[in-house]
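This report concerns only the one structure given below.
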Amino acid sequence: MQEREKFFYIAFALCLVGWVYLGWGFLLFPLSLFFALYSRVVNLAFWALVFADIAGFSTSIYALSMKFFGAVV
276 MQEREKFFYI AFALCLVGWV YLGWGFLLFP LSLFFALYSR VVNLAFWALV FADIAGFSTS
336 IYALSMKFFG AVV
(Lines of atoms letter the chains of each structure in order from A and count residues from 1; the text may use other names and numbers.)
(Lines give C-alpha, C1' and ligand atoms only; values in the text may rest on other atoms or scores of the structure.)
Protein backbone atom coordinates (compact mmCIF):
# COMPACT_ATOMS: atom_id res chain seq x y z
CA MET A 1 0.00 0.00 0.00
CA GLN A 2 2.91 2.36 0.64
CA GLU A 3 3.96 2.22 -3.00
CA ARG A 4 0.65 3.49 -4.30
CA GLU A 5 0.44 6.34 -1.79
CA LYS A 6 3.29 8.04 -3.65
CA PHE A 7 1.01 8.45 -6.64
CA PHE A 8 -1.31 10.61 -4.55
CA TYR A 9 1.49 13.13 -4.05
CA ILE A 10 2.22 13.07 -7.78
CA ALA A 11 -1.48 13.73 -8.42
CA PHE A 12 -1.42 16.63 -5.97
CA ALA A 13 1.65 18.13 -7.67
CA LEU A 14 0.07 17.80 -11.11
CA CYS A 15 -3.06 19.51 -9.84
CA LEU A 16 -1.02 22.42 -8.48
CA VAL A 17 0.91 22.78 -11.72
CA GLY A 18 -2.37 22.63 -13.63
CA TRP A 19 -3.72 25.56 -11.63
CA VAL A 20 -0.51 27.58 -12.09
CA TYR A 21 -0.33 26.91 -15.83
CA LEU A 22 -4.03 26.88 -16.66
CA GLY A 23 -3.39 26.43 -20.38
CA TRP A 24 -1.96 22.98 -19.70
CA GLY A 25 -4.88 22.09 -17.45
CA PHE A 26 -6.75 20.13 -20.10
CA LEU A 27 -3.89 17.59 -19.94
CA LEU A 28 -2.74 17.87 -16.34
CA PHE A 29 -6.08 17.63 -14.52
CA PRO A 30 -7.20 14.31 -16.08
CA LEU A 31 -3.71 12.93 -15.49
CA SER A 32 -3.87 14.08 -11.88
CA LEU A 33 -7.27 12.44 -11.47
CA PHE A 34 -5.92 9.18 -12.90
CA PHE A 35 -3.00 9.15 -10.44
CA ALA A 36 -5.33 9.99 -7.54
CA LEU A 37 -7.61 7.08 -8.40
CA TYR A 38 -4.65 4.75 -8.93
CA SER A 39 -3.24 5.60 -5.50
CA ARG A 40 -6.33 4.16 -3.75
CA VAL A 41 -6.10 6.83 -1.05
CA VAL A 42 -9.63 7.64 0.06
CA ASN A 43 -9.90 10.40 2.63
CA LEU A 44 -10.93 14.05 2.75
CA ALA A 45 -7.79 15.11 0.85
CA PHE A 46 -8.71 12.73 -1.96
CA TRP A 47 -12.18 14.26 -2.33
CA ALA A 48 -10.75 17.78 -2.19
CA LEU A 49 -8.29 16.82 -4.94
CA VAL A 50 -11.07 15.35 -7.08
CA PHE A 51 -13.08 18.55 -6.67
CA ALA A 52 -10.03 20.68 -7.54
CA ASP A 53 -9.35 18.54 -10.62
CA ILE A 54 -12.90 18.84 -11.92
CA ALA A 55 -13.06 22.57 -11.22
CA GLY A 56 -9.62 23.10 -12.75
CA PHE A 57 -10.45 21.13 -15.88
CA SER A 58 -13.64 23.14 -16.37
CA THR A 59 -11.81 26.42 -15.81
CA SER A 60 -9.05 25.36 -18.19
CA ILE A 61 -11.51 24.55 -20.97
CA TYR A 62 -13.27 27.88 -20.36
CA ALA A 63 -9.98 29.81 -20.47
CA LEU A 64 -8.86 28.09 -23.67
CA SER A 65 -12.17 28.74 -25.38
CA MET A 66 -11.99 32.42 -24.39
CA LYS A 67 -8.42 32.64 -25.69
CA PHE A 68 -9.00 30.99 -29.06
CA PHE A 69 -12.60 31.85 -29.85
CA GLY A 70 -13.18 35.01 -27.85
CA ALA A 71 -16.37 33.58 -26.42
CA VAL A 72 -17.62 30.39 -24.90
CA VAL A 73 -18.84 28.04 -27.61
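First residue of the sequence shown? That's 276 in the working numbering, and the numbers climb one at a time after it.
Note that the Cβ used here is the ideal one computed from N, Cα and C, for glycine as well.
Every value quoted in this text rests on a predicted model; they were computed, and no experiment measured them.
- Counting C-beta pairs closer than 8 angstroms gives three or more between the segment 299–310 and the segment 332–341, which meets the contact rule.
- Listed in chain order, the alpha helix (DSSP H) runs fully inside the segment 302–332 amount to none, counting runs of at least 4 residues.
- Taking the Cα positions, V325 is about 6 angstroms away from L308.
- Excluding sequence positions up to five before and after V316, its CB lies within less than 7 angstroms of the CB of E280 and F283, all in the same chain and listed in chain order.
- For the 9 angstroms CB-CB criterion, F310 and I285 form a contact.
- With fewer than 16 other Cβ atoms inside 10 Å of its own Cβ, A288 counts as exposed.
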